[in-house]
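Enquirer:
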Amino acid sequence: MKYEPEQLTIPFEPFIEKDSEILILGTFPSPKSREEGFYYGHPQNRFWKIVAKLLNQEVPVTVEQKKAFLKRNHIALWDTLESCTITGASDASIKNPKVNDVKNGIKGTKIKQIFTTGKKAESLYNRYIKEDTGMDAIGLPSSSPRNCTMDFDTLCEKYKVLLDYLGDSSE
């Protein structure tokens, strides 16, 4: 399928709960995610498989299962961009980026660490959002099927850092 550049706004809300402990930021939802109405919706994206494996849980399939999984594990999901001009799911094609207000989005939560998935999300976070939040983000590799330089096991190894920030937050 060939895509043309489109000016788009993220079509769904961030998934952030008051007891979220970490926030994982992507760049902008892919066409499949926009179609599904939730993050990491492309069936070939490895995000849900990676996180489920790390947490020794079943891979969520439906949007409702994904939301329950995130809530149960205190994980928040959002994207760095509220809107942009993008061709398909190509981060390299992004123009006219308008970033999300992450600082206010996480206010009142237990989020103690922010992660970005992919180089573009990391770059956008560092350029436009980091100063507002005052938090360094930990960059993770993209779980997209386009990231064919890393196999599943390598991605799992890289994502293990999530476990350092999840769990008992009472200190």
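All residue numbers in the sequence shown are consecutive under the numbering used here, ending with 162.
Virtual Cβ for every residue (Gly too), placed ideally from N, Cα, C.
1. Can you tell which of Gly125, Tyr31, Lys89 has the C-alpha that lies nearest to the C-alpha of Val52?
2. What three-state label does DSSP hand Gln(-2) in the structure shown?
3. What does DSSP give as the partner residue(s) for Ser84 in the beta ladder?
4. With DSSP as the reference, label Leu46 as helix, strand or coil.
5. Using the DSSP secondary-structure output, state which residues sit across from Trp69 in a beta bridge.
6. Along the beta strand (DSSP E) that carries Gly209, what are the first and last residues, could you check?
7. So, at 6 angstroms on beta carbons, what are the nonlocal neighbours of Ser160 in its own chain, with the 5 sequence-adjacent residues on each side left out?
8. Going by the CB atoms, is the gap between Phe143 and Ile129 shorter than 7 angstroms?
9. On the DSSP letters alone, give me the boundaries of the beta strand (DSSP E) that Thr108 sits inside.
10. Comparing alpha-carbon positions, which option in Glu26, Pro20, Arg118 lies nearest Asp70?
11. Please return the same chain residues whose Cβ sits closer than 6 angstroms to the Cβ of Ser133, not counting the five positions on each side in sequence.
12. Less than 7 angstroms between C-beta atoms, sequence neighbours within five positions excluded: which residues of the same chain meet that for Lys23?
13. Express the C-alpha separation of Glu26 and Asp155 in angstroms, rounding to a whole number.
14. How is Cys147 classed by DSSP in three states: helix, strand or coil?
Expert: To lay it out plainly:
1. Tyr31
2. Note: Gln(-2) maps to strand in three-state DSSP.
3. DSSP lists no partner for Ser84.
4. coil
5. Within the DSSP secondary-structure output, Trp69 pairs in a beta bridge with Leu16.
6. Any answer about residue 209 is impossible in this case: the structure gives the chain only from -8 up to 162.
7. Per-residue confidence for Ser160 stands at a pLDDT of 40, beneath the threshold of 50, marking its modelled position as unreliable; the derived number appears in the next sentence. Closer than 6 angstroms at the Cβ level, and outside the excluded window around Ser160, lie Glu12, Lys101.
8. no
9. 104 to 108
10. Pro20
11. Excluding its 5 nearest sequence neighbours in each direction, Ser133 has C-beta neighbours in its own chain below 6 angstroms: Thr108, Gly109, listed in chain order.
12. Gly32, His33
13. 33 angstroms
14. helix
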